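Peer 1: Counting from -1, one number per residue, gives the positions in the sequence shown under my numbering.
By construction, the Cβ of each residue, glycine as well, lies at the ideal position given by its N, Cα and C atoms.
In this text the structure is predicted, and so the values were computed from the model without any measurement.
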Amino acid sequence: MAESLKPPTPPRLSRTVESRVAIRSHPLHPMLVVFPIAFLATVAPADLLFLWSGLAFWAQLSLFMSAAGLALGVVAAAAGTVDLLLIRVVRRHVSAWSHALAAVMLLAFAAANTWLRWPDPAAAVWPWGLLLSVPMAALVGIAGWLGGGLSFHHGIGVAGHEGAEDRGPDVPPEP
Ligand code: HEM
-1 MAESLKPPTP PRLSRTVESR VAIRSHPLHP MLVVFPIAFL ATVAPADLLF LWSGLAFWAQ
59 LSLFMSAAGL ALGVVAAAAG TVDLLLIRVV RRHVSAWSHA LAAVMLLAFA AANTWLRWPD
119 PAAAVWPWGL LLSVPMAALV GIAGWLGGGL SFHHGIGVAG HEGAEDRGPD VPPEP
């Protein structure tokens, strides 16, 4: 059949699955993750600014951001873990487990950063503080990227098609 005579392929809807930790279908995990992402991504630039300027302010900021990022990261991780454990379709995604692993590693780096810097923030920056904050920034990117894939590619946490969890991988739209 000539290409132009083929019946048009109906657009396909991706299935979506609602978060179990949500307020009126607005999932809490995406609302909470902005804080650890912003806080923990700031530590490496603050370390570099301290090494460049010598101002103690930047070293103190690194400690504050590590501790605040850790605290809010634990809260965000709790919401994400509930979805991972309660929603069968989430557990079936390898990227959900990769995301969780990257997130736990990120929180371990945040804990190590806080512990190292607590007694003397300025003395801790070189070299060990920087050796922890640079991979931590990379982990923010990896965990965030994988988490974004769960939401934007797999529709996890997205309210939309009722009962989608029980249907096939991709379903054509209702007529
Ligand atoms: C063990 C800990 C974690 C688990 C099990 C987990 C699980 C999940 C799940 C299931 C989703 C899909 C959306 C939803 O269900 O609400 C998600 C999305 C996401 N997660 Fe996590 N998460 C964890 C920790 C974190 C942390 C610490 C961060 C921050 C660095 C993070 C960043 C993200 C991002 C950016 C998204 C996409 C959200 C969006 O739509 O904007 N996650 N995570």
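#1: Report yes or no: do the region 46 to 65 and the region 86 to 103 share at least 3 C-beta pairs separated by less than 8 Å?
#2: Cα separation between A65 and P5?
#3: Taking a contact to mean a Cβ-Cβ separation below 8 Å, would you say T112 touches L47 in this structure?
#4: Less than 8 Å separating the beta-carbons of L26 and V15?
#5: Given 7 Å as the limit, tell me if A75 has its C-beta closer than that to any heavy atom belonging to the ligand ZN.
#6: Check whether the Cβ of V41 sits closer than 7 Å to any heavy atom of the ligand HEM, and report yes or no.
#7: Please report the straight-line C-alpha distance between G142 and A36, rounded to a whole angstrom.
#8: Please report the residue range of the alpha helix (DSSP H) in which I35 lies.
#9: With DSSP as the reference, label I140 as helix, strand or coil.
#10: So, G145 versus V41, is the Cβ gap smaller than 8 Å?
#11: Below 7 Å CB to CB, which residues in the same chain sit around R89 once its five sequence neighbours on both sides are set aside?
#12: With burial defined as no fewer than 16 other Cβ atoms inside 10 Å of the residue's Cβ, what is the status of W56: buried or exposed?
#13: Rounded to the nearest angstrom, what separates F150 and V72 at their Cα positions?
#14: Kindly indicate which residue of P43, A75, P119, A109 has the alpha-carbon position closest to the one of P28.
#15: Pull up the distance between the alpha-carbon of S17 and that of L49, whole angstroms please.
Peer 2: The relevant details are as follows:
#1: no
#2: 58 Å
#3: no
#4: In this structure, the beta-carbon distance from L26 to V15 does not fall below 8 Å.
#5: The model on display carries the ligand HEM but not the ligand ZN.
#6: no
#7: 11 Å
#8: 26 to 51
#9: helix
#10: no
#11: L82
#12: buried
#13: 23 Å
#14: A75
#15: 43 Å
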